[in-house]
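J.: Quick note, the sequence shown lines up with residues 4 to 255 if you use this note's numbering.
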Amino acid sequence: MTTTMHEKFDILLETEGDHECEGLGRDKVCVRIVAMAELPTRFGDFHIIAFENNRDGKEHVAITKGDVIGASDVPVRLHSECLTGDVVGSLRCDCRDQLETALKTIGQMEKGMVLYLRQEGRGIGLINKIRAYSLQDEGLDTVEANLALGFRDDERDYAVAAHMLMSLKIKSVQLMTNNPKKINQLTQYGIEVNGRIPHIMAPNEYNRFYLETKAIKSGHMIDFRGKEHLREQYDDPIVEGMSEDQIGALND
Ligand SMILES: [Zn+2]
Ligand SMILES: [Zn+2]
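(1) Is the distance from the Cβ of residue 69 to the Cβ of residue 113 below 8 Å?
(2) From which residue to which residue does the beta strand (DSSP E) around residue 43 run?
(3) Beta-carbon separation of residue 164 and residue 102 under 8 Å?
(4) What distance in whole Å lies between the Cβ atoms of residue 185 and residue 239, which are believed to be in contact at a cut-off of 8 Å?
(5) Taking buried to mean at least 16 other C-beta atoms within 10 Å of its own C-beta, is residue 14 buried or exposed?
(6) Please confirm whether residue 104 and residue 204 have their CB atoms less than 8 Å apart.
(7) Provide the residue(s) that pair with residue 56 in DSSP beta bridges, ordered along the chain.
(8) Based on Cα-Cα distance, which residue from 61, 31, 91, 73 lies nearest to residue 176?
(9) For residue 190, tell me which candidate among 180, 161, 179 has the shortest Cα-Cα distance.
(10) According to the neighbour-count rule (16 or more other Cβ atoms, all chains shown, within 10 Å of its Cβ), is residue 194 buried or exposed?
(11) In terms of residues, what are the limits of the alpha helix (DSSP H) holding residue 251?
(12) With distances taken from each beta carbon to the nearest heavy atom of ligand 1, which residues come in below 7 Å, in chain order?
(13) Could you name the residues that DSSP lists as bridge partners for residue 196?
(14) In chain order, what residues of the same chain lie with their CB nearer than 7 Å to the CB of residue 199, ignoring the 5 residues before and after it?
(15) Am I right that residue 23 and residue 33 are in contact with their C-beta atoms under 8 Å? What's the rounded C-beta distance?
(16) According to the neighbour-count rule (16 or more other Cβ atoms, all chains shown, within 10 Å of its Cβ), is residue 65 buried or exposed?
(17) Using the rule of at least 16 other Cβ atoms within 10 Å of the residue's Cβ for burial, across every protein chain shown, is residue 111 buried or exposed?
(18) Three Cβ pairs or more, each shorter than 8 Å: is that satisfied between the region 74 to 92 and the region 118 to 137?
(19) Report buried or exposed for residue 10, applying the criterion of at least 16 other Cβ atoms within 10 angstroms of its Cβ.
(20) One question on the structure: do residue 89 and residue 80 come within less than 8 Å of each other, judged by their Cβ atoms?
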């Protein structure tokens, strides 16, 4: 399997290594594959595939399991970079739980991938995200902090993800999401989405705010210290133990 994956990648690099197109989405983003390496992790053995971006220089990666190049029905999770959550384990968001759950789930599958998108702070960067945190610390409400943080540009995110899937010649995907609306957006960029895999996290002491009655309120989440936070990922996971109402509220 490993050999096949490397052989396929070498061929892909030869034919697509200097790829350039008009780009996708409003920002006309085009990415191209650059390198691939083995990536053994605590969640399973993956490959990591690096992409270079001809518009804003952001370096995205696909963390892939199994022989995915040119494959059909590939389980895919889209994850937006969150340095504070992913790396440091911040409890202001649940990004790390979401990422670990995705890697654990896909790590046990025959094939699949996490697209790790460099969209820190909803695409406006780490510094602005920390500015927004700072405003919240000073007591500003979410609306005001929202203005500082800016709003996520879903369109741009999906354009990059869609192009990454195209670059890997993925024929069709099963999106790991709880939000059916996201499937439509990816479809608009020409990706065939054959199905949806619910993103379900095991409960732990850090995500229990989701399980509390007021956990989800008008698109925001409230942590166990009673502070309200913005969602940093595209869509929220389901935590085992959530009520039907809480699950339903995720997509409102
Ligand atoms: Zn392109
Ligand atoms: Zn986060």
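Virtual Cβ for every residue (Gly too), placed ideally from N, Cα, C.
T.: Short version:
(1) In the sequence shown, the residue the question calls residue 69 occupies position 66. In the sequence shown, the residue the question calls residue 113 occupies position 110. Yes, they are a contact pair.
(2) What you label residue 43 is simply residue 40 of the sequence shown in a count that begins at 1. Run containing residue 43: 34 to 44, per the beta strand (DSSP E) assignment.
(3) Here residue 164 corresponds to residue number 161 of the sequence shown, with the count starting at 1. Here residue 102 corresponds to residue number 99 of the sequence shown, with the count starting at 1. No; because the gap between Cβ atoms is not below 8 Å, this pair is not in contact.
(4) Translated into the one-based positions of the sequence shown, residue 239 becomes position 236. Translated into the one-based positions of the sequence shown, residue 185 becomes position 182. 12 Å between Cβ atoms; not a contact.
(5) As a working note, residue 14 is residue 11 in the sequence shown. Exposed: under 16 other Cβ atoms inside 10 Å.
(6) Residue mapping note: residue 104 aligns to position 101 of the sequence shown, counting from 1. Residue mapping note: residue 204 aligns to position 201 of the sequence shown, counting from 1. In contact: residue 104 and residue 204 (Cβ atoms closer than 8 Å).
(7) Locating residue 56 in the sequence shown gives position 53, counting from the first residue. Per DSSP, 34.
(8) Along the sequence shown, read from residue 1 onward, the residue named residue 176 stands at position 173. Nearest in C-alpha terms to residue 176, of all of 61, 31, 91, 73, is 73.
(9) Translated into positions along the sequence shown, residue 190 becomes position 187. For residue 190, the nearest C-alpha among the options comes from 161.
(10) Residue 194 sits at position 191 when you count from the first residue of the sequence shown. That one is buried.
(11) Working through the sequence shown from its first residue, we reach residue 251 at position 248. That run of the alpha helix (DSSP H) goes 247 to 252.
(12) In chain order, the hits are 22, 23, 24, 26, 33, 34, 35, 166.
(13) Taking the sequence shown and counting its residues from 1, the one referred to as residue 196 is at position 193. Residue 196 is bridged by DSSP to 176.
(14) Looking up residue 199 in the sequence shown gives position 196. Closer than 7 Å at the Cβ level, and outside the excluded window around residue 199, lie 177, 178, 180, 183, 186.
(15) Residue mapping note: residue 23 aligns to position 20 of the sequence shown, counting from 1. Residue mapping note: residue 33 aligns to position 30 of the sequence shown, counting from 1. Between residue 23 and residue 33, the beta carbon gap of about 6 Å places them in contact (Cβ cut-off 8 Å).
(16) In the sequence shown, counting from the first residue as 1, residue 65 sits at position 62. It counts as buried.
(17) What you label residue 111 is simply residue 108 of the sequence shown in a count that begins at 1. Only exposed fits residue 111, as fewer than 16 other CB atoms lie within 10 angstroms of its CB.
(18) yes
(19) Counted from its first residue, the sequence shown places residue 10 at position 7. That one is exposed.
(20) In the sequence shown, residue 89 corresponds to position 86, counting from 1. In the sequence shown, residue 80 corresponds to position 77, counting from 1. It is not a contact, given that the beta carbons lie outside the stated cut-off.
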